[in-house]
Amino acid sequence: MKNLIANQTFNEERSLYNIKNTEVLNCKFEGPADGESVLKECRGINVVNCSFSLRYPLWHARRFTLEDSFMDEKTRAPLWYSFDGKLQNNIINGIKCLRECKHILVDNCKIESPEFGWKCKGVKITNSTIDSMYFLFESKDVEIDNLSMSGKYSFQYMKNVHIKNSTLDTKDAFWHSKNVTVEDSVVKGKYLGWFSENLTFINCKITGTQPLCYCKNLKLINCTMEDTDLSFEYSDVEADIKGHIVSVKNPKSGVIAADSIGEIVTEKPVIKCSGKVLIRNSNENICLKKCV
Numbered sequence: 053m054k055n056l057i058a059n060q061t062f063n064e065e066r067s068l069y070n071i072k073n074t075e076v077l078n079c080k081f082e083g084p085a086d087g088e089s090v091l092k093e094c095r096g097i098n099v100v101n102c103s104f105s106l107r108y109p110l111w112h113a114r115r116f117t118l119e120d121s122f123m124d125e126k127t128r129a130p131l132w133y134s135f136d137g138k139l140q141n142n143i144i145n146g147i148k149c150l151r152e153c154k155h156i157l158v159d160n161c162k163i164e165s166p167e168f169g170w171k172c173k174g175v176k177i178t179n180s181t182i183d184s185m186y187f188l189f190e191s192k193d194v195e196i197d198n199l200s201m202s203g204k205y206s207f208q209y210m211k212n213v214h215i216k217n218s219t220l221d222t223k224d225a226f227w228h229s230k231n232v233t234v235e236d237s238v239v240k241g242k243y244l245g246w247f248s249e250n251l252t253f254i255n256c257k258i259t260g261t262q263p264l265c266y267c268k269n270l271k272l273i274n275c276t277m278e279d280t281d282l283s284f285e286y287s288d289v290e291a292d293i294k295g296h297i298v299s300v301k302n303p304k305s306g307v308i309a310a311d312s313i314g315e316i317v318t319e320k321p322v323i324k325c326s327g328k329v330l331i332r333n334s335n336e337n338i339c340l341k342k343c344v
């Protein structure tokens, strides 16, 4: 049976340092002492219905849950170097939430945190809303389902990612990423996916200028593209697009099929290009010029 700490206020440095096998219920972490690291190095704890207004509260935690709790903007860098945790039904507004954490579940949370989730491994995010600059930078082995995400520069340098049923409103997303699959989602923003490798979109709606350039092994299956001019420049791509593409420019290799394309741009390539563009429901079968 767990120990219980309930209905108290803590504000000293490391107030509950290294507590173990404990439920922390209805507590407040705030006050004039302005102490940092109030729950550092905790083990096997449940934090329920608590509020935080102090820096670095859950560093180096192991086997923990944080539920039905609130972290304000003063709760800077709330979770770093923590393993095997669950965040459920929380509102978190502290900058730099999650850094170098492993095996963390984020469920039904509302988070506003610039630089969320850097260099993490094994993160799973479900049924949540997150606003973040540089979202999940350099993280790997990530699963996402039903996320509403807004921000900039998201999913960069990531590896081994599966996203489904989500809306991603972002720019410069998936740059330099590897082994990413996005399914049944809406992806909004400029300059999507540049320099990625093994990036796949299935049943997705993609919007925004100059997407998917300099990609290796890029795949789009049963997708739509809106306001996507100058698409696929210097990419190795296999794309099945339903509807219209504003323009395609110098795909390096592969085949792009669409119902209509406003313009096919082949001017001034700096590398050899042999990509093909197929327009369905017409007699046109356009092979881009090979360029040296």
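So for the sequence shown, this note's numbering puts the first residue at 53; every next one is plus one. Every residue gets a Cβ at the ideal spot worked out from N, C-alpha and C, and that includes glycine.
query                                                                                                                                                    : result
Using alpha carbons as the reference points, say which of Glu82, Ile57, Tyr205 lies closest to Met185.                                                   : Tyr205
Hey, could you find the ends of the beta strand (DSSP E) Thr233 is sitting in?                                                                           : 230-235
Do you know offhand how far Ser305's Cα is from Thr261's?                                                                                                : 21 Å
From the DSSP secondary-structure annotation, give me the bridge partner or partners of Ala225.                                                          : Beta-bridge pairing links Ala225 to no other residue.
For the candidate residues Phe104, Gly83, His112, whose alpha-carbon lies nearest to that of Val76?                                                      : Phe104
Is the separation between the beta-carbon of Asp136 and that of Arg151 shorter than 9 Å?                                                                 : no
Let's test the definition: count the other Cβ atoms within 10 Å of the Cβ of Leu56 and tell me whether it reaches 16, buried, or not, exposed.           : exposed
Quick check on the DSSP output: what are the complete beta strand (DSSP E) runs of length 3 or more inside the region 260-331, in order along the chain? : 270-278, 288-293, 296-301, 305-310, 312-317, 328-331
Between the Cα of Pro303 and the Cα atoms of His296, Asn274, Leu264, Arg95, which residue gives the shortest distance?                                   : Leu264
Which residue comes first and which comes last in the beta strand (DSSP E) that contains Thr127?                                                         : No beta strand (DSSP E) contains Thr127, which DSSP labels as neither H nor E.
Can you look up His112 in the DSSP assignment and give me helix, strand or coil?                                                                         : coil
Check the DSSP bridge columns for Leu157 and list the partner residues they point to.                                                                    : Lys138, Lys176
Kindly indicate which residue of Gly314, Val300, Glu315 has the alpha-carbon position closest to the one of Ile308.                                      : Val300
Hey, how far is the Cα of Lys341 from the Cα of Thr259?                                                                                                  : Reliability fails at Lys341, whose pLDDT of 40 lies under 50, so the model's placement of it is uncertain and no value is given.
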